[in-house]
Every structure is written in C-alpha cells, then in structure tokens.
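Down below is the structure, laid out as structure tokens.
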Amino acid sequence: MFKVGEATITRVEETYVGSYPLRDVFKDFTDAHMAEHGHWLAPHHYIAETGQIRLAVHSWLLQIDGKKILIDSCCGNNKVKPGRPFWHMLNEPYLERLAAAGAKPDEIDLVMCTHLHHDHVGWNTRQKDGKWVPTFPNARYVFSKPDVDYFAKVDADPKEGPAELGTFRECVVPILEYGKADLVDGGPYRLNDFIEIDSAPGHSPGHVFFKLASKGEQGVFIGDVWHHLLQVYYPDWNFPKNSDAAQARVSRRKVLDHCAASSALVFPGHVGLPFAGRVEKTAQGFKPDFPS
Ligand SMILES: [Zn+2]
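Per our numbering, the very first residue in the sequence shown carries number 745; after that it's consecutive.
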C-alpha cells in the first residue's frame, strides 16, 4: 500500500507476466543498452530467459475522504485476445483481490479510465443473464470524451470494428447506456478537491492522466503514458499501438516534466515491481526512482 497525504493507494493485480519481446517493442534497444540497464531490468521488468518484457496489469484502488476510487480496470476474464497469449481467456480472482484490498464492487464510488484500450476497461462490466451490466453498480464512471468519440467511430466502421477486441461494446457502451458515465476532456479539469484530470494524448486520442493532491503531497496516475521504465530514460521510445506516435512522445515529456517538478509518487499502468515510484530530472533528461 502507498500513501499520498491522507490518501491510500493499493495495487490490485490482474497479471504480472512476460509479454512482448523487448527487442521487438523497442527497436533501438542495443547490446550497449543491455550493458547499461541489465542490472535493474531483470527480473522485475524483463525476463532474461525469454527476452520478454515483464508487464503488470493492475488497477489502483485510491481511498480518500471516505471514497473508494478504482483507476483502470484491466483486461477482465474470459476475453479473447488475439496476438496476446499472456492476456487471453484469463480466469483471475480479480474481484476477490479487490475485496482484499478494501473494496467490494458495490462500495466503489468512482471508476476512472485513463483511456479506453481493452486492457483498461475489462472489469467495467460483467455478464448477467446474457447482458453486460456495470460491475460496480453504485459507481459513476469517468471516461475521456475524445476516446469515446474515437472508439465509437471505429466500432461503427464495418471494416475496422469491433473496436478494442470487442471491449468497447462490452465494457464501455453498456456504461453509457445505463447512464453511469461522466465524459470529460483533459482540460485540465478539476474533478473534486483532490483530483485534477489533464490530457496526454497520443497512445490513444483521448488519453488522460490524473493528478492527486493531499496535504501538500502529490500523486500521478499516468496510465500508458509510459509502459516501461526504459521510456523514462528514453522518452522518444514508444510502445507499439499509438493513435499518434509523435503526439505520444510530446505527452510523455509533458508528464515526465510534471512528475519530476512535483516530486509526485507516480502510479503507471504496467510498470513492474515496485509498481510505483518517482521521476528525477537529470542533466541528460530523466531517470526513474523505482527502488525494488
Ligand atoms: Zn495498457
């Protein structure tokens, strides 16, 4: 569990396994990079035996002022994930882990998605009597309007749809239809006394990040602004699948600048153990302080 002022933040794991080959993802990664970074990459961020990046998929449960807020909702169970065997047809006790972290589904007040890719919306809904219904019946769901607009268009296009492996219609549209969603743009927009929403487009058109402030301390929930700590050292290295690769690089530097300047505790969507940490400015750029 992590603390930011009066807030507690608990990680709720879905998976933490080897995924894509590192050298496929980061084409600029050379033997010289391995010599420089190998000492911290394995085993928490890289699996030496297979050459795979080790990625976590998790939610962050933020508790503050009597509220229980779930940030990103992972892949979900029983979902077909072509090309992603490590996330295909999962059967994980995610809701049990969420309860152990301090929240039963009906206790969640707010679900906030940094963006609407399939690995960030999966537990928004569950199937009941053949229908997709909100998993968190008492929650408002905060979605980025530019992402909703974009993926609705993709979903409606017979050549491109269904969007996000079907998760847009299974895990986002039902929330809209139940009238549970609040659509925001990345203003910046102040959600409440503790949380401000800011924009970081590029990985998806409407990707946002969440700034938390409590008692003079700061936290930042960055979603997929960077997937891996190598991207803190090399902010121009994109993870695959961006709506706009150049914009993703600009957003990464914007968020890195904010994290370093505010000394915030940073909560990424996929970074491995210790899962949260800080970013420091250096003469060359940035470096992560994620001691494990
Ligand atoms: Zn992701």
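Even glycine gets a Cβ: it sits at the ideal position worked out from N, Cα and C.
Predicted model only: the values in this text are computed from it and were never measured.
_DSSP state of V824 mapped onto helix, strand, coil_ = Position 80 of the sequence shown, counted from the first residue, corresponds to residue 824. In this structure, V824 counts as coil in the three-state DSSP scheme.
*When you compare only the Cα positions, how much space is there between P890 and H862?*
Counted from its first residue, the sequence shown places residue 890 at position 146. Counted from its first residue, the sequence shown places residue 862 at position 118. Roughly 16 angstroms between the two C-alpha positions.
*Just the C-alpha distance for P949 and A844, rounded to the nearest angstrom, thanks.*
Here the question's residue 949 lines up with position 205 in the sequence shown. Here the question's residue 844 lines up with position 100 in the sequence shown. In a straight line, the C-alpha of P949 is about 34 angstroms away from that of A844.
*Closest to D926 by CA distance: which of G846, F912, N822 and Y885 is it?*
As a working mapping, residue 926 is identified with position 182 in the sequence shown. Closest by alpha carbon: Y885.
*So which of T1026, W784, E904 and P878 has the shortest CA-CA distance to K924?*
Position 180 of the sequence shown, counting from 1, holds the residue named residue 924. For K924, the closest alpha carbon among the candidates T1026, W784, E904 and P878 is that of P878.
*CA-to-CA distance, R1022 to P849, given in whole angstroms*: Numbered from its first residue, the sequence shown carries residue 849 at position 105. Numbered from its first residue, the sequence shown carries residue 1022 at position 278. Here the alpha carbon of P849 sits roughly 30 angstroms from the alpha carbon of R1022.
*Which term fits G795, buried or exposed, when burial requires 16 or more other beta carbons within 10 angstroms of its beta carbon?*
Locating residue 795 in the sequence shown gives position 51, counting from the first residue. Label assigned to G795: exposed.
*DSSP beta-bridge partners for F1030?*
Numbered from 1 along the sequence shown, position 286 holds the residue referred to as residue 1030. Paired residue(s): K1025.
*What runs of the beta strand (DSSP E), each 3 residues or longer, lie entirely inside the segment 867-940?*
869-872, 875-878, 884-888 and 925-928
*Which residues bound the beta strand (DSSP E) around Y838?*
Along the sequence shown, read from residue 1 onward, the residue named residue 838 stands at position 94. Where Y838 is concerned, there is no enclosing beta strand (DSSP E), although the alpha helix (DSSP H) it sits in stretches over Y838 to A845.
*Decide if Q871 is buried, meaning its Cβ has at least 16 other Cβ atoms within 10 Å, or exposed.*
Taking the sequence shown and counting its residues from 1, the one referred to as residue 871 is at position 127. Counting Cβ neighbours within 10 Å, Q871 comes out exposed, since fewer than 16 surround it.
*asked:* Let's test the definition: count the other Cβ atoms within 10 Å of the Cβ of M833 and tell me whether it reaches 16, buried, or not, exposed.
replied: Position 89 of the sequence shown, counted from the start, is the residue given in the question as residue 833. Counting Cβ neighbours within 10 Å, M833 comes out exposed, since fewer than 16 surround it.
*Using a threshold of 7 angstroms, is the CB atom of D968 nearer than that to any non-hydrogen atom of ligand 1?*
The residue you call residue 968 lines up with position 224 of the sequence shown. Yes, Cβ of D968 sits closer than 7 angstroms to a heavy atom of ligand 1.
*So P945 packs on S995, CB below 8 angstroms; how close in whole Å?*
Taking the first residue of the sequence shown as position 1, residue 945 is located at position 201. Taking the first residue of the sequence shown as position 1, residue 995 is located at position 251. Indeed they touch by this definition, with Cβ atoms about 6 angstroms apart.
*Just confirm the distance between the C-beta atoms of C915 and V865, as a whole number of angstroms; I'd bet it's less than 8 angstroms.*
As a first step, residue 915 must be located in the sequence shown, where it is residue number 171. As a first step, residue 865 must be located in the sequence shown, where it is residue number 121. Contact flag correct, Cβ pair sits at about 4 angstroms.
*Can you tell me where the beta strand (DSSP E) with H832 in it begins and where it stops?*
On the sequence shown, residue 832 is found 88 positions in, with the first residue counted as 1. H832 -> no beta strand (DSSP E), and no H or E assigned at all.
_DSSP state of H951 mapped onto helix, strand, coil_ = Residue numbering aside, residue 951 sits at position 207 when the sequence shown is read from its first letter. Correct three-state label for H951: coil.
*How about the segment 1010-1030 and the segment 985-992: do they share at least three Cβ pairs that are nearer than 8 angstroms?*
no
*Please decide whether G1021 counts as near chain C, where near means a Cβ-Cβ distance under 8 angstroms.*
Here chain C cannot be found, since the structure has a single protein chain.
*Using the C-alpha atoms, what's the distance from I966 back to Y933?*
Numbered from its first residue, the sequence shown carries residue 933 at position 189. Numbered from its first residue, the sequence shown carries residue 966 at position 222. Cα to Cα, Y933 sits roughly 15 angstroms from I966.
*Paired residues, beta bridge with L973 - DSSP*: Locating residue 973 in the sequence shown gives position 229, where the first residue counts as 1. Answer is none; L973 lacks a bridge partner.
_beta-carbon H777 near ligand 2 non-hydrogen atom, thresh 7 angstroms_ = This structure lacks ligand 2; the ligands present are ligand 1.
_Beta-carbon within less than 7 angstroms of H788's beta-carbon, same chain only, minus the 5 sequence neighbours each way: which residues are those?_
Translated into positions along the sequence shown, residue 788 becomes position 44. Excluding residues within five positions, the ones whose Cβ falls inside 7 angstroms are R798, G1016, L1017 and S1036.
*Under 8 angstroms between C-beta atoms of L973 and F1034*: One-based indexing of the sequence shown puts residue 973 at position 229. One-based indexing of the sequence shown puts residue 1034 at position 290. It is a contact, given that the beta carbons lie within the stated cut-off.
*asked:* Using a Cβ-based criterion (distance less than 7 angstroms to any ligand heavy atom), does G1013 qualify as near ligand 1?
replied: The sequence position of residue 1013 within the sequence shown is 269, counting from 1. Yes, ligand 1 has a heavy atom inside 7 angstroms of this Cβ.
*Measure how close the beta-carbons of F938 and D809 come, nearest whole angstrom, since I'm counting them as under 8 angstroms.*
Working through the sequence shown from its first residue, we reach residue 938 at position 194. Working through the sequence shown from its first residue, we reach residue 809 at position 65. Correct: roughly 7 angstroms between the Cβ atoms.
*Through-space distance from E851 to I753, alpha-carbon basis*: Here residue 753 is taken as the residue at index 9 of the sequence shown, counted from 1. Here residue 851 is taken as the residue at index 107 of the sequence shown, counted from 1. For I753 and E851, the distance between alpha carbons rounds to 16 angstroms.
*First and last residue of the beta strand (DSSP E) that includes K963?*
Here residue 963 refers to the residue found at position 219 when the sequence shown is read from its first residue. Rather than Lys, the amino acid found at residue 963 in this sequence is Gly. Run containing G963: E961 to G967, per the beta strand (DSSP E) assignment.
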